[in-house]
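Read in order, the letters of the sequence shown correspond to residues 1 to 413 in UniProt numbering.
Think of the CB as a built atom: it goes at the ideal place given N, C-alpha and C, for glycine as much as any other residue.
What follows is a short report on a single structure.
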Amino acid sequence: MDLLNTLVDKGLRRELPTREEALAVLATSDDELLDVVAAAGKVRRQWFGRRVKLNYLVNLKSGLCPEDCSYCSQRLGSKAEILKYTWLKPDQASEAAAAGVAGGAKRVCLVASGRGPTDRDVDRVSKTIEAIKEQNEDVEVCACLGLLSSGQADRLRAAGADAYNHNLNTSESTYGEITTTHTYADRVDTVQQAQAAGLSACSGLIAGMGESDADLVDVVFSLRDLDPDSVPVNFLIPFEGTPLAKEWNLTPQRALRILAMVRFVCPDVEVRLAGGREVHLRSLQPLALHLANSIFLGDYLTSEGQAGKADLDMIADAGFEVEGADKVTLPEHRRAEAGAGCGSHEAGASAGCGSHEGGGGCGPCGSGEAEPVAAAGSDAAAEPVAAAGNDAARTDLVAVRRRGAGTDLAPNA
Ligand code: SF4
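Written out as structure tokens, the structure is:
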């Protein structure tokens with residue numbers, strides 16, 4: 001297939017594909033799926049071998065957010081029956097993080113709901129970062145606290161943070177349909193503040209919110225321009241009690257095509273298989289390891305993931321290896337470009353994490369029967385992808401988190 005050979009060739013040379021080529025990947029049929037995975041897998045192995053990086057989320061403050069992100073169970077007006085609690089103390093957070101590190105995680109992602117931190121919040125998170133680094137000097141620590149104000153990124157960096165996550169989530173043209181309380185530009189600005197402070201930027205997307213193929217390609221090309229070191233790919237978990245509760249439009253095949261497109265557009269970046277993988281990829285998760293080189297171990301912020309042991313077995317059974325602290329995540333050239341000082345660029349410390357909550361995707365275009373390799377500029381690209389039908393609504397797989405941080409129950413790790 002010329003398309004895939006061309007994309008592999010470009011991926012091995014870190015050359016940006018055309019939008020038409022990216023759209024064509026999303027338009028491939030289920031019959032071509034294994035060819036697509038095999039092709040993108042060559043690019044994955046070129047830059048990341050068969051290593052899988054484990055990241056561990058610690059939800060420092062859950063629920064009660066004044067923002068209205070329509071996919072989020074923590075949003076203003078959410079009726080989702082999630083855990084709600086205010087800031088964990090540094091020792092509580094450090095204890096939660098230790099469980100993830102003991103489970104094999106190389107990164108700890110400290111996340112708090114809210115529009116953005118106050119300077120007092122930055123102080124308390126700085127103490128948490130110091131507490132975690134004291135206990136696990138090799139661990140990489142990421143902060144994900146929302147929109148940053150001037151100087152806050154520098155202070156987090158000074159406290160020992162290695163990275164900062166802030167996702168773009170969806171395309172600029174549709175952002176206003178997902179969130180009205182802050183803008184796409186606000187998000188881009190926060191990522192750039194983190195990069196300017198020498199933090200490793202982590203910024204990704206949520207697929208499955210009813211966006212079109214063109215929207216997906218738009219946000220991934222924007223991420224390529226922003227050039228974060230890691231790109232979390234979330235698949236919407238349609239939480240009851242949120243505006244997107246009925247947005248079940250993903251199939252495992254569609255999710256794999258989206259991951260392959262991200263790998264081709266961002267060949268040498270840590271692509272993280274983030275929230276929603278258990279719900280939407282299900283038994284095809286091992287195939288996704290040929291595309292993404294990073295996952296979250298344990299639970300997500302407000303929902304439960306599969307058991308940590310099951311993840312470790314899946315990685316081994318699929319012929320991959322957990323990336324150890326002795327291995328550097330990013331390819332040599334990215335470290336050189338970024339210069340020393342930020343975790344993922346040197347063995348030992350780094351970090352990054354996904355947006356506040358996981359995401360979704362769509363079935364193949366309209367009829368469910370995808371046209372093989374859509375021609376460049378195919379109009380299918382602009383059409384919001386039709387729902388995959390009620391049988392896609394796997395509400396049985398959505399479990400609200402009831403253990404770990406903010407509870408007396410042991411975390412999943
Ligand atoms: S994504 Fe973040 S900012 Fe948006 S509603 Fe959820 S917690 Fe608030």
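Report buried or exposed for residue i, applying the criterion of at least 16 other Cβ atoms within 10 angstroms of its Cβ.
i    : result
H333 : exposed
D123 : exposed
S73  : buried
G49  : exposed
D268 : buried
T302 : buried
D213 : buried
S150 : exposed
T118 : exposed
G361 : In this prediction, G361 has a pLDDT of 41, which is less than 50 and means its spatial position is unreliable; what the coordinates show is noted afterwards. When all chains shown are included, G361 counts as buried.
D91  : exposed
T128 : buried
N5   : exposed
E15  : exposed
G319 : exposed
A340 : Bear in mind that a pLDDT of 45 at A340, under 50, signals an unreliable position, so the number given afterwards is only what the model happens to contain. Exposed.
D162 : buried
T395 : exposed
R13  : exposed
Do the CB positions of residue i and residue j come within less than 7 Å of each other?
i    : j    : result
P203 : P228 : The question names Pro, but residue 203 is Ser in the sequence shown. A contact, by the Cβ cut-off of 7 Å.
A288 : L273 : yes
V398 : I82  : no
V271 : V217 : no
G324 : G308 : no
G406 : Y85  : yes
L250 : H280 : yes
G77  : G116 : no
Q285 : L33  : no
L7   : F264 : yes
M314 : L26  : no
A201 : A153 : no
V191 : L205 : no
E134 : R107 : no
In the DSSP assignment, find the unbroken beta strand (DSSP E) run with residue i in it and report its ends.
i    : result
F235 : S230 to L236
V220 : Segment D213 to L226 is the alpha helix (DSSP H) holding V220; no beta strand (DSSP E) there.
R254 : Taken as a continuous stretch (DSSP letters only), R254 belongs to no beta strand (DSSP E), being part of the alpha helix (DSSP H) at P252 to V265.
E140 : E140 to C144
R107 : R107 to A112
Any idea what DSSP makes of residue i, helix, strand or coil?
i    : result
I82  : coil
R272 : strand
V328 : coil
V398 : coil
E32  : helix
E240 : coil
V58  : strand
L76  : coil
K42  : helix
A93  : helix
Y71  : coil
D2   : helix
A102 : helix
G11  : helix
L148 : coil
L409 : coil
Give the C-beta separation of residue i and residue j to the nearest angstrom, bearing in mind that I take them to be a contact with Cβ-Cβ under 8 Å.
i    : j    : result
L156 : C109 : Not quite, the Cβ-Cβ distance comes to about 13 Å (not below 8 Å), so this is no contact.
N234 : G276 : 6 Å
T181 : E211 : The Cβ separation is near 19 Å, so there is no contact.
T179 : D215 : Incorrect: roughly 14 Å between the Cβ atoms, too far for contact.
L148 : Q193 : 5 Å
E247 : A80  : About 14 Å separates the two Cβ atoms, so there is no contact after all.
A159 : E130 : 6 Å
L236 : M209 : 5 Å
L60  : V111 : 6 Å
R403 : A410 : 7 Å
G104 : V322 : 5 Å
At what residues does the alpha helix (DSSP H) containing residue i begin and finish?
i    : result
K127 : D119 to Q135
L287 : Q285 to A288
A158 : Q152 to A158
A185 : Y184 to A196
L312 : G308 to D317
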